[in-house]
Amino acid sequence: MNKTDSAIHATSPAPSDRLARLRGALATQKLAGFIVPHADEHQSEYLPASAERLAWLTGFTGSAGMAIVLRNQAALFVDGRYTTQAEQQADRGFDRQHLIETPPAKWLSAHAKKGDRIGYDPWLMTVGEVRRFAEAAARSGAELVAVSDNPLDAIWTDRPEPPLGAVALHPVELAGEDAAAKIARLQDDLKATNADAAILTQADSIAWLLNIRGSDIAHNPVALAYLVLPAGGKPQLFIDGRKLSNSVRDALSAIAEPAAPAAFGPALDAFAGKRVLIDPQTTSAAIARRLTEAGAS
Numbered sequence: 012m013n014k015t016d017s018a019i020h021a022t023s024p025a026p027s028d029r030l031a032r033l034r035g036a037l038a039t040q041k042l043a044g045f046i047v048p049h050a051d052e053h054q055s056e057y058l059p060a061s062a063e064r065l066a067w068l069t070g071f072t073g074s075a076g077m078a079i080v081l082r083n084q085a086a087l088f089v090d091g092r093y094t095t096q097a098e099q100q101a102d103r104g105f106d107r108q109h110l111i112e113t114p115p116a117k118w119l120s121a122h123a124k125k126g127d128r129i130g131y132d133p134w135l136m137t138v139g140e141v142r143r144f145a146e147a148a149a150r151s152g153a154e155l156v157a158v159s160d161n162p163l164d165a166i167w168t169d170r171p172e173p174p175l176g177a178v179a180l181h182p183v184e185l186a187g188e189d190a191a192a193k194i195a196r197l198q199d200d201l202k203a204t205n206a207d208a209a210i211l212t213q214a215d216s217i218a219w220l221l222n223i224r225g226s227d228i229a230h231n232p233v234a235l236a237y238l239v240l241p242a243g244g245k246p247q248l249f250i251d252g253r254k255l256s257n258s259v260r261d262a263l264s265a266i267a268e269p270a271a272p273a274a275f276g277p278a279l280d281a282f283a284g285k286r287v288l289i290d291p292q293t294t295s296a297a298i299a300r301r302l303t304e305a306g307a308s
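Printed below as a string of structure tokens:
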């Protein structure tokens, strides 16, 4: 068992007990079901221990999958790489389904009941995923509902703290291009499309743009953060300041404005009347919704 598995399973109840406790939490929120993707707020494939919700709930520790929990049924979806692993690891309360042969949205449409409220965490699902699941729920007369408080987090009482891996600068000799040049090049692209800004949420994209490396995820040299790239001026990097040494902060400040993660939401609110680019396949629904509510287009 690796360190991530140990952190997830050290003192938690058995997966079958977790499933029962999740159903109790769903009932409290008047939800008939809940979608649990293998994802974090940055849509990473490999996750920090604090984001391994699917593993904690089901026992399955693969790098891709999803679970859907309903009142009387629960399913775990994995692809062909993980069929044997899921059979060995996952709690018996979950039916095993093939992610490709039986897509989760199709399964939901077949098993949700009319009037059911199916919850999801909008920080953990992309714009495209939410659209697909909302359509699937509607076909069965159910409703997809965004929750502000993830019910799984409420019962995961020994959840690890978010990572605070140190950020390092990646030498331009290895990166191949200066970060300032990359920023300028992308800003030219934004101006060419009449966009006021773009939102970057994936850690590898931010690492590439700013020529930085991190250690928030085992075996992945990235730092979890958000970045707002305006069509002109410095980008804003929203990252826990404890990840930045004084020298790294000083170097980054020459090309970007470091800010606390709590400032990310208000920064999105400032785009009222502006045109902001996001990728619907990699950007969480929560970010898109906040931009829309702020009046961005």
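At the far end of the sequence shown sits residue 308, using my numbering, and the numbering has no gaps. The C-beta atom is built at its ideal place from N, Cα and C for all residues, glycine as well.
Delimiting residues of the beta strand (DSSP E) encompassing residue i
i      : result
Gln99  : Careful: Gln99 lies outside any beta strand (DSSP E), inside the alpha helix (DSSP H) at 94 to 100.
Ile210 : 208 to 211
Val89  : 85 to 89
Asp106 : 106 to 109
7 Å Cβ cutoff met for residue i and residue j
i      : j      : result
Leu163 : Arg64  : yes
Ala157 : Val287 : no
Gly73  : Gln54  : no
Pro59  : Asp227 : yes
Pro291 : Val138 : yes
Gly306 : Ala283 : yes
Phe144 : Leu110 : no
Arg128 : Ala43  : yes
Pro173 : Ser61  : yes
Thr69  : Phe105 : yes
Thr204 : Thr294 : no
Ala296 : Pro133 : yes
Ala229 : Leu248 : no
Ala147 : Leu185 : no
Strand pairing of residue i, partner residues [DSSP]
i      : result
Ile46  : Ile79
Tyr131 : Ala157
Gln247 : Val239, Glu268
Ile228 : Asn231
Arg142 : Bridge partners of Arg142: none, in fact.
Ala179 : Arg224
Val287 : Ala208
Thr137 : Ser295
Nearest-angstrom Cβ-Cβ length linking residue i and residue j, presumed shorter than 8 Å
i      : j      : result
Ala190 : Val239 : About 16 Å; that fails the 8 Å criterion.
Ala36  : Ala165 : 6 Å
Gln108 : Ala86  : 5 Å
Glu188 : Leu135 : Between Leu135 and Glu188 the Cβ distance is about 33 Å, and since that is not below 8 Å, they are no contact.
Leu180 : Ala262 : 6 Å
Alpha helix (DSSP H) segment containing residue i, residue limits
i      : result
Ala69  : It is worth fixing the name first, because residue 69 is Thr in this sequence and not Ala. Residues 64 to 69.
Leu163 : 162 to 166
Thr303 : 296 to 305
Phe275 : 275 to 280
His122 : 115 to 122
Distance cut-off 6 Å: residue i Cβ against heavy atoms of the ligand PLP
i      : result
Ser226 : Absence of the ligand PLP is noted for the structure shown, with no ligands found whatsoever.
Check whether the stretch 248 to 266 touches the stretch 231 to 238, taking contact to mean three or more Cβ pairs, one atom from each stretch, closer than 8 Å. The stretch 248 to 266, when compared against the stretch 231 to 238, does touch it at the 8 Å Cβ threshold.
At least 3 beta-carbon pairs within less than 8 Å: the stretch 241 to 250 vs the stretch 206 to 223: Taking 8 Å as the limit for Cβ pairs, the verdict is that the stretch 206 to 223 does touch the stretch 241 to 250.
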